[in-house]
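These notes concern the structure reproduced below.
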Amino acid sequence: MTVHLLAELTVFVLALFVGLEVISRVPTMLHTPLMSATNAIHGIVLVGAILVAGAADAPFNAIVSFILVLLASLNVFGGYTVTERMLEMFRPKARAPKAPTDGTP
Amino acid sequence: MTVDTAAANWVDIAYLITSICFIFGLRYLSSPKTARVGNRISAVGMLIAVVATLSQGIVNWWVLGSALIVGAAIGIVSAQRVKMTAMPQMVAIFNGAGGGAAALVAAGELLKVFNANETPTHDVAFTSVLSAVIGAVSFAGSIIAFLKLQEVMTGRPITYPGQQVVNALVALVILVCWGLVVANVPNSLEFFWIALAASFVLGILFVLPIGGADMPVVISLLNSFTGLAAASTGFVLGNNVLIIAGALVGASGTLLTVLMGKAMNRSVTNVLFGAFGAVKTSTAGGAGKQQNVRSVSTGDVATMLAYANQVIVVPGYGMAVAQAQHSIRELADQLEKRGVEVKYAIHPVAGRMPGHMNVLLAEANVPYTSLHDMDDINPEFERTDVALVVGANDVTNPAARSDKNSPIYGMPILDVDKAANVVVLKRSMNSGFAGIDNPLFDDPKTVMLFGDAKKSIDGVIAGVKAL
Numbered sequence: 001m002t003v004h005l006l007a008e009l010t011v012f013v014l015a016l017f018v019g020l021e022v023i024s025r026v027p028t029m030l031h032t033p034l035m036s037a038t039n040a041i042h043g044i045v046l047v048g049a050i051l052v053a054g055a056a057d058a059p060f061n062a063i064v065s066f067i068l069v070l071l072a073s074l075n076v077f078g079g080y081t082v083t084e085r086m087l088e089m090f091r092p093k094a095r096a097p098k099a100p101t102d103g104t105p
Numbered sequence: 001m002t003v004d005t006a007a008a009n010w011v012d013i014a015y016l017i018t019s020i021c022f023i024f025g026l027r028y029l030s031s032p033k034t035a036r037v038g039n040r041i042s043a044v045g046m047l048i049a050v051v052a053t054l055s056q057g058i059v060n061w062w063v064l065g066s067a068l069i070v071g072a073a074i075g076i077v078s079a080q081r082v083k084m085t086a087m088p089q090m091v092a093i094f095n096g097a098g099g100g101a102a103a104l105v106a107a108g109e110l111l112k113v114f115n116a117n118e119t120p121t122h123d124v125a126f127t128s129v130l131s132a133v134i135g136a137v138s139f140a141g142s143i144i145a146f147l148k149l150q151e152v153m154t155g156r157p158i159t160y161p162g163q164q165v166v167n168a169l170v171a172l173v174i175l176v177c178w179g180l181v182v183a184n185v186p187n188s189l190e191f192f193w194i195a196l197a198a199s200f201v202l203g204i205l206f207v208l209p210i211g212g213a214d215m216p217v218v219i220s221l222l223n224s225f226t227g228l229a230a231a232s233t234g235f236v237l238g239n240n241v242l243i244i245a246g247a248l249v250g251a252s253g254t255l256l257t258v259l260m261g262k263a264m265n266r267s268v269t270n271v272l273f274g275a276f277g278a279v280k281t282s283t284a285g286g287a288g289k290q291q292n293v294r295s296v297s298t299g300d301v302a303t304m305l306a307y308a309n310q311v312i313v314v315p316g317y318g319m320a321v322a323q324a325q326h327s328i329r330e331l332a333d334q335l336e337k338r339g340v341e342v343k344y345a346i347h348p349v350a351g352r353m354p355g356h357m358n359v360l361l362a363e364a365n366v367p368y369t370s371l372h373d374m375d376d377i378n379p380e381f382e383r384t385d386v387a388l389v390v391g392a393n394d395v396t397n398p399a400a401r402s403d404k405n406s407p408i409y410g411m412p413i414l415d416v417d418k419a420a421n422v423v424v425l426k427r428s429m430n431s432g433f434a435g436i437d438n439p440l441f442d443d444p445k446t447v448m449l450f451g452d453a454k455k456s457i458d459g460v461i462a463g464v465k466a467l
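Below is the structure:
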């Protein structure tokens with residue numbers, strides 16, 4: 001194991017502890033948005049996708065590069081949009097009811 | 001990397017800011033009041049990281065730009081159009097996309113090394129196979145989870161003889177190939193591709209035997225996998241923001257998985273390898289034993305509810321299937337007008353996703369202050385006139401408390417049987433997902449209202465209005 005890898009492993013382990021600490025405070029009520037929020041956060045793999053697909057010595061042809069960035073981009077934008085939609089529904093008091101969309105009286 | 005030192009520093013600082021944004025974003029999720037701000041902070045962090053990355057000597061702008069825009073368009077439009085009830089599937093798809101991307105990033109980095117006719121270092125070889133394996137398992141597993149949740153394929157566990165042996169063999173193939181790549185065996189790139197393909201197969205095989213009711217556990221586990229795959233690509237690329245963000249997600253997913261397991265009184269291993277529900281259907285004998293159920297009309301239920309002091313609604317997956325949450329809210333409004341206290345009891349594993357019921361009821365404008373966790377609400381049932389069970393089954397099964405032979409013995413349940421009256425809304429007399437008889441239905445104080453939950457509730461609303 002190189003010194004470099006050890007330094008990265010240190011960052012990883014510390015981040016794990018921060019994650020456990022922060023997430024153990026999230027109430028059950030918000031567990032679905034939490035999952036969706038962390039789902040969006042792992043979209044950070046988009047950074048890796050851009051670095052790999054955008055480099056001058058890119059290892060993939062255009063089609064594979066396109067699919068790679070597309071998958072990561074889908075994860076990021078879809079993830080944040082879904083989370084936002086979930087969270088905007090959590091209100092302390094009832095809103096004025098929307099017009100029913102499904103024909104309910 | 002061919003970037004000069006000054007630029008790299010700037011980008012590293014941007015990545016640091018991104019990591020801080022992610023941590024604050026999650027921290028703000030500890031209260032519904034600040035959660036939205038938290039998600040936006042996290043999104044800003046993501047934007048900073050992406051912009052910083054794009055500033056790093058990128059070529060191939062056409063491919064990158066078009067993929068980014070198409071991905072964003074598909075992601076945003078589908079996320080906005082999807083119904084709240086289909087949310088678990090949507091999360092599964094985005095999760096799979098992330099896992100697939102992580103596997104490809106790792107493959108790309110390894111390919112680069114081989115293209116340059118170099119031998120990868122042990123570190124790079126080890127971590128790139130790791131991200132490829134976890135990423136591919138997450139990608140394939142998420143697709144199967146999606147198909148099960150979307151009911152394209154059966155939600156029942158799919159089992160066959162020797163299943164565990166086959167899985168173990170596939171895992172062994174992966175491990176051997178992994179070892180060969182790390183040991184720098186000449187032409188080991190082929191072994192990398194075999195490991196990648198085998199991981200894809202393993203992802204499929206591993207989710208197949210898991211039943212629909214266990215999906216909350218699987219989805220959070222797969223989420224954790226994609227997080228760890230992302231962290232692992234961070235090791236491959238030497239990129240801290242990937243490591244930190246991946247670790248945060250990995251920690252969160254693991255914690256949620258364990259919590260879900262606890263809520264079902266089952267170990268995570270049992271959920272993953274137990275094929276819960278497949279074995280039991282043959283032994284439980286189905287509905288045959290349960291003949292003392294009393295079926296009533298919507299009018300009867302309306303009267304019971306309208307003259308109660310306190311009603312507790314117990315929603316389950318049946319509510320999600322029937323999309324009954326709006327009707328339930330309307331019924332609660334009608335009852336509250338008559339002075340009835342209405343509360344909601346949320347079991348931690350009700351639905352197909354952690355906290356699934358909370359999101360659906362929030363969609364129907366039910367204030368989150370009316371939603372109660374299992375531990376808070378259980379003492380309330382004794383003081384409750386009517387417990388209204390909407391499409392929930394196993395989480396209300398008193399056999400979990402009393403019957404040592406029951407497969408769900410020991411699972412914490414909602415004590416609905418302690419209420420003065422119980423109304424169970426159910427599609428039919430079929431047993432629940434776990435395929436276990438529910439003595440609650442035989443209880444003399446329980447009445448059943450058969451049919452689609454939404455139609456039944458709408459009937460009850462009409463009944464309450466007519467009183």
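One line per chain: the protein sequences are U and L, in this order.
Mapping the first sequence onto the numbering used here, position 48 (from 1) lands on 48, and the numbers just tick up by one.
Mapping the second sequence onto the numbering used here, position 371 (from 1) lands on 371, and the numbers just tick up by one.
Yeah, the Cβ is synthetic: ideal placement off N, Cα and C, and Gly gets one too.
{"Asked": "Residue span of the beta strand (DSSP E) that contains D373 of chain L, given as start and end", "Found": "371–373"}
{"Asked": "For T446 of chain L, the residue or residues it bridges with in DSSP", "Found": "L:V422"}
{"Asked": "Residues that DSSP places opposite Q310 of chain L in a beta bridge", "Found": "L:E341"}
{"Asked": "Residue burial classification, N508 of chain L (beta-carbon count within 10 angstroms, cutoff 16)", "Found": "Residue 508 of chain L lies beyond the residue range present for chain L, which begins at 1 and ends at 467; the question has no answer from this structure."}
{"Asked": "G48 of chain U versus M357 of chain L: straight-line alpha-carbon distance, rounded", "Found": "35 angstroms"}
{"Asked": "Pair within 8 angstroms by beta-carbon distance, V342 of chain L and A332 of chain L", "Found": "yes"}
{"Asked": "Start-to-end residues for the alpha helix (DSSP H) that takes in L111 of chain L", "Found": "87–115"}
{"Asked": "8 angstroms Cβ cutoff, V460 of chain L in contact with chain U", "Found": "no"}
{"Asked": "Where G103 of chain U sits in the DSSP three-state scheme", "Found": "For G103 of chain U, the predicted structure reports a pLDDT of 41, less than 50, and the residue's modelled location is therefore unreliable. The matter cannot be settled from this model."}
{"Asked": "Cβ contact check for the stretch 252–271 of chain L and the stretch 380–392 of chain L: 3 or more pairs under 8 angstroms", "Found": "no"}
{"Asked": "Proximal chain U residues relative to L467 of chain L, where beta-carbon distance stays under 7 angstroms", "Found": "Here the premise fails: no neighbours, minimum Cβ distance about 16 angstroms."}
{"Asked": "Rounded distance between the beta-carbons of L449 of chain L and V423 of chain L, thought under 8 angstroms", "Found": "6 angstroms"}
{"Asked": "Contact list for V11 of chain U against chain L, beta-carbon separation under 7 angstroms", "Found": "N240, I243, I244"}
{"Asked": "The stretch 163–180 of chain L touching the stretch 243–251 of chain L, judged by at least three CB pairs closer than 8 angstroms", "Found": "no"}
{"Asked": "Three-way DSSP call (helix, strand, coil) for L208 of chain L in this model", "Found": "coil"}
{"Asked": "Residue-chain proximity (V3 of chain U, chain L), Cβ-Cβ < 8 angstroms", "Found": "no"}
{"Asked": "Proximal chain U residues relative to E363 of chain L, where beta-carbon distance stays under 8 angstroms", "Found": "M89"}
{"Asked": "Segment contact flag, the stretch 216–224 of chain L with the stretch 151–161 of chain L, C-beta cutoff 8 angstroms, min 3 pairs", "Found": "no"}
{"Asked": "Close beta carbons around L70 of chain U, own chain, < 6 angstroms, minus the five adjacent residues each side", "Found": "none"}
{"Asked": "Pairwise C-alpha distance: I436 of chain L and A284 of chain L", "Found": "Below a pLDDT of 50, predicted positions are generally treated as unreliable, and A284 of chain L, at 38, falls in that range; no measurement from the model is reported."}
{"Asked": "Min CB distance D442 of chain L to chain U below 8 angstroms", "Found": "no"}
{"Asked": "CB contact below 8 angstroms: L16 of chain U versus chain L", "Found": "yes"}
{"Asked": "Contact with chain U by V424 of chain L, beta-carbon distance below 8 angstroms", "Found": "no"}
{"Asked": "Close beta carbons around L34 of chain U, own chain, < 6 angstroms, minus the five adjacent residues each side", "Found": "V26"}
{"Asked": "Local Cβ density within 10 Å of Y160 of chain L, reported as buried at 16 or more and exposed below that", "Found": "exposed"}
{"Asked": "N- and C-terminal bounds of the beta strand (DSSP E) containing V386 of chain L", "Found": "386–390"}
{"Asked": "Test: K112 of chain L CB closer than 8 angstroms to a CB of chain U", "Found": "yes"}
{"Asked": "Local conformation of S295 of chain L per DSSP, three classes", "Found": "strand"}
{"Asked": "Whole-angstrom distance between A392 of chain L and L130 of chain L, CA atom to CA atom", "Found": "40 angstroms"}
{"Asked": "Whole-angstrom distance between I17 of chain L and M46 of chain L, CA atom to CA atom", "Found": "10 angstroms"}
{"Asked": "8 angstroms Cβ cutoff, A278 of chain L in contact with chain U", "Found": "Bear in mind that a pLDDT of 48 at A278 of chain L, under 50, signals an unreliable position, so the model cannot answer this."}
{"Asked": "Contacts of P161 of chain L in chain U (Cβ-Cβ under 8 angstroms)", "Found": "Under the 8 angstroms cutoff, chain U gives no residues; its nearest Cβ is about 34 angstroms from P161 of chain L."}
{"Asked": "Contact test: K454 of chain L Cβ vs the ligand ZN heavy atom, cutoff 7 angstroms", "Found": "The ligand ZN is not part of this structure, which contains no ligands at all."}
{"Asked": "Extent of the continuous alpha helix (DSSP H) to which P33 of chain U belongs", "Found": "31–41"}
{"Asked": "Selected residue, minimal CA-CA separation from G135 of chain L, among L:I76, L:A106, L:P120, L:L111", "Found": "L:A106"}
{"Asked": "Contact with chain U by Y368 of chain L, beta-carbon distance below 8 angstroms", "Found": "yes"}
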